[in-house]
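Peer 1: Could you have a look at this structure, given as structure tokens, before my questions?
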Amino acid sequence: LFGFFFLFFLSFLFLFFFYFLFGFLCLFFLSFFFLFFLSFLFGFFFLFFLSFLFLFARRRGFPFFFFFLLFRKGF
10 LFGFFFLFFL SFLFLFFFYF LFGFLCLFFL SFFFLFFLSF LFGFFFLFFL
60 SFLFLFARRR GFPFFFFFLL FRKGF
């Protein structure tokens, strides 16, 4: 009985994993262009913000000021 339940659970996990992978691949191929455009835009804005932050922190004289503030706020 335990072996049967284990086999059923294993097959269910296998099917669920493949269904999730297939659905994710379909979603990725459907929204590939939109995702690429969004990631490019977000990466460009994040890079611009990071460069501006590093320039501002270097002008203040401490390059890792923002990261120190972020880690202090987190902990």
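The sequence shown: position 31 = 40 (the numbering used here), numbered continuously.
Think of the CB as a built atom: it goes at the ideal place given N, C-alpha and C, for glycine as much as any other residue.
If you're wondering where the values come from, they're calculated on a predicted model, not measured in any experiment.
Only counting the same chain, and skipping five residues up and downstream in sequence, which positions put a Cβ closer than 6 Å to that of Phe54?
Peer 2: Position 45 of the sequence shown, counted from the start, is the residue given in the question as residue 54. For Phe54, where only same-chain residues beyond five positions count, there are no Cβ hits under 6 Å.
Peer 1: DSSP state of Ser48, grouped into three classes?
Peer 2: Sequence index remark: in the sequence shown, residue 48 carries index 39 (1-based). The answer is helix: DSSP assigns Ser48 an H, G or I state.
Peer 1: Tell me whether Ser20 sits in a helix, a strand or coil according to DSSP, three-state version.
Peer 2: Looking up residue 20 in the sequence shown gives position 11. Note: Ser20 maps to helix in three-state DSSP.
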